[in-house]
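Asks: Going down the list, the protein sequences come from chains A and B.
Oh and the first sequence: position 164 is 164 in full-length UniProt numbering, straight run, nothing missing.
Oh and the second sequence: position 121 is 121 in full-length UniProt numbering, straight run, nothing missing.
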Amino acid sequence: MVTFDRFILANGLRVLVHQDEATPMAVVNILYDVGARDEDPGQTGFAHLFEHLMFGGSVHIPHYDGPSQAAGAQNNAFTSNDITNYYITLPAANLETAFWLESDRMLGLAFNEKSLEVQRNVVCEEFKQRYLNQPYGDVWLRLRPLAYQMHPYRWATIGKELAHIEQARMDDVKAFFAKHYTPANACLVVAGNVDTDTVKQLAEKWFGPIPATGKYLRQLPAEPEQREARREVVRAGVPQNAIYVAFHGPARLDENYHATDLIADVLAPGASSRLYRRLVKERELFSEINAYQTGSLDPNLFVVEGKLLPNVSTEEAEDAIWSELERLSSIPIEPYELEKVKNKVESTLVFAEMAILEKAMNLAYFELLGDAAEFNREVDRYLAVSATDIQRQAQHLFRKENSSTLIYISQEDAR
Amino acid sequence: MLDRTSPPVYYPIRDFDLIEPKHITFPNGLQVFMFDAGEQELVRIEWAFGNVLADEHHALLNTCACELLLEGTSTHTSAQLAELVDFHGAFLIPTVGYDQSSLTLFSLNKHLDRLLPLVKDVLTDSIFPEKELTTYIRNNKQKLQVSLKKNSFVARRLFNKTVFGSMRYGYVPDVSDYDRITRDALLTLFRQQYQPSNGTLIIAGKVTDEVLLRLESLFGVEWQASGAATPLDIPPSPLIIPDGSLIVDERADALQSAIRLGCQSIQRSHPDFPGLQVLNTLLGGYFGSRLMANIREDKGYTYNIGSGLASLKHGAFLTIASEVGVDVTAATLAEIEKEINKLRKEPVAESELMLVRNYLMGSTLGSLENVFSHADKFKNAYFSNLGLDYYDYYTNVVNTITPDEILRLANTYLDYDRMVKVVVGRL
Chain A
1 MVTFDRFILA NGLRVLVHQD EATPMAVVNI LYDVGARDED PGQTGFAHLF
51 EHLMFGGSVH IPHYDGPSQA AGAQNNAFTS NDITNYYITL PAANLETAFW
101 LESDRMLGLA FNEKSLEVQR NVVCEEFKQR YLNQPYGDVW LRLRPLAYQM
151 HPYRWATIGK ELAHIEQARM DDVKAFFAKH YTPANACLVV AGNVDTDTVK
201 QLAEKWFGPI PATGKYLRQL PAEPEQREAR REVVRAGVPQ NAIYVAFHGP
251 ARLDENYHAT DLIADVLAPG ASSRLYRRLV KERELFSEIN AYQTGSLDPN
301 LFVVEGKLLP NVSTEEAEDA IWSELERLSS IPIEPYELEK VKNKVESTLV
351 FAEMAILEKA MNLAYFELLG DAAEFNREVD RYLAVSATDI QRQAQHLFRK
401 ENSSTLIYIS QEDAR
Chain B
1 MLDRTSPPVY YPIRDFDLIE PKHITFPNGL QVFMFDAGEQ ELVRIEWAFG
51 NVLADEHHAL LNTCACELLL EGTSTHTSAQ LAELVDFHGA FLIPTVGYDQ
101 SSLTLFSLNK HLDRLLPLVK DVLTDSIFPE KELTTYIRNN KQKLQVSLKK
151 NSFVARRLFN KTVFGSMRYG YVPDVSDYDR ITRDALLTLF RQQYQPSNGT
201 LIIAGKVTDE VLLRLESLFG VEWQASGAAT PLDIPPSPLI IPDGSLIVDE
251 RADALQSAIR LGCQSIQRSH PDFPGLQVLN TLLGGYFGSR LMANIREDKG
301 YTYNIGSGLA SLKHGAFLTI ASEVGVDVTA ATLAEIEKEI NKLRKEPVAE
351 SELMLVRNYL MGSTLGSLEN VFSHADKFKN AYFSNLGLDY YDYYTNVVNT
401 ITPDEILRLA NTYLDYDRMV KVVVGRL
């Protein structure tokens, strides 16, 4: 149980406080309701590039990192297709430093040309390091546009191509900030050895004066229902053939989200999971296999991916995946197996309560979903999933016409 | 009017409190350290064993033995073990390091009655079934082939090989080495290495008397040495300091080069170690470090660059690693050299040193967020034959180190010309 207090400042900033006296530390986590899905299709990768620029100095503070380190803090951020999340962990006695730093960059950035130029390069190197210079690194650059044709999830957080990042201009940066980095578009969570009165006073002092501007209301194109199976075959300089099958899955708030999560746990990657047991261990078709849903706010992808052993044909491997998926659709899961995956969820959630940063991020994310208190009801939602729910959802997901299949064929000299 | 230009008052962290473990010796000689704290009804229990090497150039055998621990005993098949662990929502994880192999159980207290006997079965009666071994070897050969396509992975291997030469830490397995693994060799190693006299049990979390009694009966009384003599690791080959050579593994199609450079260094038990940690932090150990500030934040050559210091049982090394655009590979090496030389020639400013001090103390405090991290801090000291008072010494050095001392350390332990430099990509 993660308890918290909540208040909202006059400018629309939501503030949550979670007290945990077992730690001498505090964390300040700010989630901005903006991600890669909010980008212009001609300027992809911008939300993430922008995240880098948030460390390049703000109106009154030329360098974010120096004062942060001086106060014994550690900070970082991440961008997803849905959100941009910043966090700073520091000794609780130095909490005010975090308020000073975070409020100033919500107030305004320095918009420094040098920082833009350097971070464009840094992000291009990140693009190469993670997506281009790795075997199978480009999988999401291929799988997303295969599965999504309308919705902005069709591009990856890093962006469609290096050129989009290279072309980012200061005017775009300023416009993006004005549109998305507003108090009403953020959720601030303070967790750790803190108390609500102090946080309230600090929040009023540092964030209160930031002027309210309207909240951006997104209107994203919905992904039309997929009606026929899609397929792409890539010949690449990878050592093993590989298969990725993506199905359109539920949105985060869809009532089938939790059943889908449990389906993923039934399939992989645990040592007793079905795909691992049957296709890696018994039938010896794959060297590794996994299944998961991407968990995005808008309808997500349920992905099954595996690397084939030499001398196994892609047809045989693909058929084997499908026969396991069809087994879930046609035969109800036994109570024992359902209890097993629920037990794993339960213990994972208990272990997650050991870290204040994880608790703070979860509270912020559930607040974005509608109500942070729902985080504490999460385990019940998993426990409520029935065998019938699993079967119905498997039938709904695992249809050929709902699938996009990406196959890598190893060509050692392809590059 | 609110003053947003000057920072609020902040307080440097001068020290931190560590949980002193309860030390117990079980009747069979197993050393036990217990950290009882935390709100949640859960525990982390680690069984750590010193690696017993029969051949310094075959450490892959130790890796395989550990990673195959969950693949079957006389009474449980691999599938049954996996089912039982998963059904109880637990995680039972084998990990192999340079000097030790561990099996770690993460579990809610309520399931320990079922899980602890299983762990005992695994640690005393693993049989390494031939079929599971074949599967393991086949799949791991595939994984290694994928890793060998990653420049950073190849760079790390070349680096280790060159820095430690024929000594055990320089050994890196090739795909063909998997063919040397036999079931008999695994069984022999298992009987030598996984023994109470070679093990340490570290328990952290809600450790009730009941849990401790159960552990003692299973792992302190029922578990007896298998008759084999007390296992002795062979002595390590002597450390030879390599020349500061440049090794280039050309990859014509690379978009980035993986760079790795460094040298052998001093161990945690050396009086200069904490000071060298401060120096390492200045050089490349945090986001504001010299290398990050110059090579990422000023030049934009890379997404990440950092340095680290590793203390092992029979040696130590310092390493700098990055992945950079191929067109700036040479320029990056030149900048690294410049930064090292600057640390050797110019005393660091008090303000920068203060920053590093505060950062180090703050992050140490932050790393002690729960009982597991207290146990980890203890392990770092204990396996270097040091007590927790090591951290008093560490804290004192961090808080009082001077620019002159940093200069001395840089001139003693950082020498670009004598560092091994590896580039995988294009230079």
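Glycine is no exception: its CB is placed at the ideal position from the N, C-alpha and C atoms.
All values reported here derive from a predicted model rather than from experimental measurement.
Check whether the segment 369 to 389 of chain A touches the segment 337 to 349 of chain A, taking contact to mean three or more Cβ pairs, one atom from each stretch, closer than 8 Å.
Replies: Counting Cβ pairs under 8 Å, three or more are found: they touch.
Asks: Based on Cα-Cα distance, which residue from B:D174, B:N294 and B:D125 lies nearest to B:A59?
Replies: When each option's Cα is compared against that of B:A59, the closest is B:D174.
Asks: In chain order, what residues of the segment 139 to 163 of chain A put their CB closer than 7 Å to some CB of chain B?
Replies: Correct list: empty, as no residue qualifies.
Asks: Could you run through the segment 316 to 346 of chain B and flag, in chain order, every residue whose CB is less than 8 Å away from some CB of chain A?
Replies: Cβ contacts with chain A come from E323, V324 and G325.
Asks: Taking the alpha carbon of B:T162 as the point to measure from, which residue in B:Y391, B:G275 and B:Q264 has its own alpha carbon closest?
Replies: The candidate whose alpha carbon is nearest that of B:T162 is B:Q264.
Asks: Give the DSSP bridge partners of A:A191, in chain order.
Replies: Per DSSP, A:H18 and A:V27.
Asks: Excluding sequence positions up to five away, which residues of its chain have a Cβ less than 8 Å from the Cβ of B:Q62?
Replies: Looking at the sequence provided, one finds Asn at residue 62 of chain B rather than Gln. Excluding sequence neighbours, B:N62 sits near N51, V52, L53, V96, S101, L189 and Q193.
Asks: Residues in the segment 268 to 286 of chain B with C-beta within 9 Å of chain A's C-beta atoms, listed in sequence order?
Replies: Taking 9 Å as the Cβ-Cβ cut-off against chain A, the residues of the segment 268 to 286 of chain B that qualify are Y286.
Asks: How far does the beta strand (DSSP E) with A:N75 in it reach, from first residue to last?
Replies: Residues Q74 to T79.
Asks: Is B:Q224 near the ligand HEM - that is, is its Cβ less than 6 Å away from at least one heavy atom of it?
Replies: Within the structure as shown, the ligand HEM is missing, as the structure has no ligands at all.
Asks: Please classify B:Y303 as buried or exposed, where buried requires at least 16 neighbouring CB atoms within 10 angstroms.
Replies: Classification of B:Y303: buried, given that the 10 Å Cβ count is 16 or more.
Asks: How should A:N76 be labelled, buried or exposed, when 16 other C-beta atoms within 10 angstroms of its C-beta is the threshold for buried?
Replies: Exposed, by the Cβ-count rule.
Asks: Which same chain residues end up closer than 8 Å to A:R415 when comparing Cβ atoms and leaving out the 5 residues on each side of it in sequence?
Replies: Note that A:R415 has pLDDT 43, beneath the 50 cutoff, so the model's placement of it is unreliable and no number is given.
Asks: Just the chain B side, please: which residues come within less than 7 Å of residue 417 of chain A by C-beta, in chain order?
Replies: Only positions 1 to 415 of chain A appear in this structure, which leaves residue 417 of chain A out of reach.
Asks: Taking any Cβ of chain A, which residues in the segment 1 to 14 of chain B have a Cβ under 8 Å from it, in chain order?
Replies: The segment 1 to 14 of chain B vs chain A, Cβ under 8 Å: L2, R4, T5, P7, P8, V9, Y10, Y11, P12 and I13.
Asks: Within 10 angstroms of the Cβ of B:I240, are there 16 or more other Cβ atoms? Answer buried if so, exposed if not.
Replies: Result: exposed.
Asks: Answer with yes or no whether the minimum CB distance from A:A414 to chain B is below 7 Å.
Replies: Here the model assigns A:A414 a pLDDT of 48, short of 50, so the residue's position is not dependable, and the following value carries that caveat. Not an interface residue.
Asks: Is the Cβ of B:T302 closer than 7 Å to any Cβ of chain A?
Replies: So yes, B:T302 belongs to the interface.
Asks: Among A:E324, A:K128, A:D265 and A:Q69, which one has its Cα closest to the Cα of B:G362?
Replies: Ranking the options by Cα distance to B:G362, first place goes to A:Q69.
Asks: As a quick exercise: from A:V233, A:Q74 and A:N300, pick the residue whose alpha carbon is nearest that of A:Q411.
Replies: Among A:V233, A:Q74 and A:N300, the Cα nearest to that of A:Q411 belongs to A:V233.
Asks: Quick check on the burial criterion: 16 or more other C-beta atoms within 10 angstroms. Buried or exposed for A:I210?
Replies: By the neighbour-count rule (16 or more Cβ atoms within 10 Å), A:I210 is buried.
Asks: Check the Cβ-Cβ distances between A:A71 and every residue of chain B, and say whether any is below 7 Å.
Replies: It does; some Cβ of chain B falls within 7 Å.
Asks: Could you give the C-beta distance for A:R144 and A:R154, rounded to a whole number, given that I count them as a contact under 8 Å?
Replies: With 8 Å as the limit, A:R144 and A:R154 qualify as a contact, their Cβ atoms being about 5 Å apart.
Asks: Just how far apart, CA to CA, sit B:F378 and B:V278?
Replies: Going by the C-alpha atoms only, they are around 20 Å apart.
Asks: Assuming contact is defined by CB atoms lying nearer than 7 Å, are B:L365 and B:V398 in contact in what I supplied?
Replies: No; because the gap between Cβ atoms is not below 7 Å, this pair is not in contact.
Asks: Figure out for me which residue from A:A394, A:R230 and A:E39 has the closest Cα to the Cα of A:Y148.
Replies: Checked all of A:A394, A:R230 and A:E39; the closest Cα to A:Y148 is A:R230.
Asks: Taking DSSP as the reference, what is the three-state secondary structure of B:I259?
Replies: Looking at B:I259 - three-state DSSP - the assignment turns out to be strand.
Asks: Counting only beta-carbon atoms, is A:D104 nearer than 7 Å to chain B?
Replies: Yes, contact with chain B.
Asks: Quick check on this structure: which residue in A:Y32, A:P41 and A:H60 has the alpha carbon closest to the alpha carbon of A:K160?
Replies: Cα-wise, what sits closest to A:K160 is A:P41.
Asks: For A:W100, report the span of its alpha helix (DSSP H) as first-last.
Replies: Its alpha helix (DSSP H) spans residues L95 to L107.
Asks: With respect to the beta strand (DSSP E) encompassing A:Q236, which residues constitute its N-terminal and C-terminal limits?
Replies: Going by the sequence as given, residue 236 of chain A is Ala instead of Gln. Where A:A236 is concerned, the enclosing beta strand (DSSP E) stretches over R230 to A236.
Asks: Which residues, in chain order, does the segment 58 to 82 of chain A contribute to contact with chain B at a C-beta distance below 7 Å?
Replies: Within the segment 58 to 82 of chain A, the residues whose Cβ lies closer than 7 Å to some Cβ of chain B are H60, D65, G66, P67, Q69, A70, A71, G72, A73 and Q74, listed in chain order.
Asks: Buried or exposed: where does B:V9 fall if 16 or more other Cβ atoms within 10 Å of its Cβ makes it buried?
Replies: Exposed: under 16 other Cβ atoms inside 10 Å.
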